[in-house]
Amino acid sequence: MTSPARARFPAESTRSLQPPGVVSARALSQHVATADGVLTILDDVGLAVKAGETLAITGASGSGKSTLLGLLAGLDRPSAGEVFLLGQRLNDLDEDARARLRAGRVGFVFQSFQLLPALTALENILLPLELAGHPAARERAAYWLDRVGLAARAAHTPRQLSGGEQQRVAIARAFATDPEIVFADEPTGNLDADTGARIIELLFELNASAATTLILVTHDDALAARCQRRLHLLAGRVA
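The structure is reproduced here in structure tokens:
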């Protein structure tokens, strides 16, 4: 029988998971067919993340970090194993149903910012709010742009913004819908050290004030150290 302490703080083991949790995975594997045979990207990975927790997924390039993040967020399907997100077993949902589950409840921050080039900074934040049917969407977008210190750049398109400014817009977009979870994939990866440090401060400041669950992938030790917990991948397995 699983002890109360273990049930409360599940280890990274496929035997100790108690799904669904806020985000959890059990016996998760991902394989890709290549000309040389089957390439294993993830192998029997298990984890569980509690509401409000911050988790850094670390590991060398090619260890499967971004693949794991995509599976946890329901952006891809695993070759084997189960993923639970916000009480739903993602294996049971098609692509449209997974998108509906994420809408308004999940935010994303990407290394390459993923801002729409034809939209202004304000419009990039506004779009997911409108898609989620959020009341007073424009006012909320303006509020979040101000929260990241870019109110004066509201009418500027991404190409008129620096890398750090683009990432601040992306962070505002991620938090604007009041998500329960934010997934961040190398959020400082395209930034210089000083700008990256400021982005780290902003990300954790907003996350703390919103009490959001934060799961991030990073090579940045300073960023990983800010998280409550780390999960380190080595050749597709939890080390």
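What the sequence shown shows, in the numbering used here, is residues 99 to 337, in sequence order. Backbone N, C-alpha and C fix where the C-beta goes; we use that ideal spot for every residue, glycine too.
- Residue burial annotation: residue 331 is buried, with at least 16 other C-beta atoms found within 10 angstroms of its C-beta.
- Pairing residue 160 with residue 258, the inter-Cα distance amounts to about 33 Å.
- Beta bridge pairing from DSSP links residue 145 with 123.
- In the DSSP annotation of this structure, the continuous segment of the alpha helix (DSSP H) that includes residue 296 starts and ends at 291 to 308.
- Around the beta-carbon of residue 189, fewer than 16 other beta-carbon atoms lie within 10 Å, marking it exposed.
- For residue 156, the beta-bridge partners assigned by DSSP are 330.
- Within its own chain, the residues whose Cβ lies closer than 8 Å to the Cβ of residue 164, once the five positions on either side in sequence are excluded, are 283, 284, 315, listed in chain order.
- Looking at the backbone, the Cα of residue 311 and that of residue 291 are separated by about 25 Å.
- Taking a contact to require three or more Cβ pairs closer than 8 Å, the region 244 to 253 and the region 170 to 187 do not qualify as touching.
- Counting along the chain, residue 283 sits inside the beta strand (DSSP E) bounded by residues 279 to 283.
- Partner residues in the beta bridge of residue 186, as assigned by DSSP, are 183.
- Fewer than three pairs of CB atoms, one per stretch, sit closer than 8 Å, so the region 232 to 243 makes no contact with the region 315 to 327.
- By the beta-carbon neighbour count (other beta carbons within 10 angstroms, threshold 16), residue 277 is buried.
- A buried status is given to residue 256, since no fewer than 16 other beta-carbon atoms sit within 10 Å of its beta-carbon.
- Taken through DSSP and simplified to helix, strand or coil, residue 169 comes out as helix.
- Between residue 324 and residue 297 a beta carbon distance of about 11 Å is seen, past the 8 Å cut, so the two are scored as non-contacting.
- In this structure, residue 156 lies near residue 328, with their beta-carbon atoms less than 9 Å apart.
- Comparing alpha carbon positions, the residue from 219, 198, 271, 300 closest to residue 227 is 271.
- Beta-bridge annotation (DSSP): residue 313 is paired with 153, 281.
- Cβ-Cβ separation between residue 273 and residue 267: approximately 11 Å, too far for a contact (criterion under 8 Å).
- The alpha carbon of residue 300 has as its nearest neighbour, out of 265, 326, 333, 322, the alpha carbon of 265.
- In the DSSP assignment, residue 129 is bridged to 138.
- As DSSP reads the structure, residue 274 sits in no beta bridge.
- Burial check for residue 229: the Cβ neighbour count within 10 Å stays below 16, so the residue is exposed.
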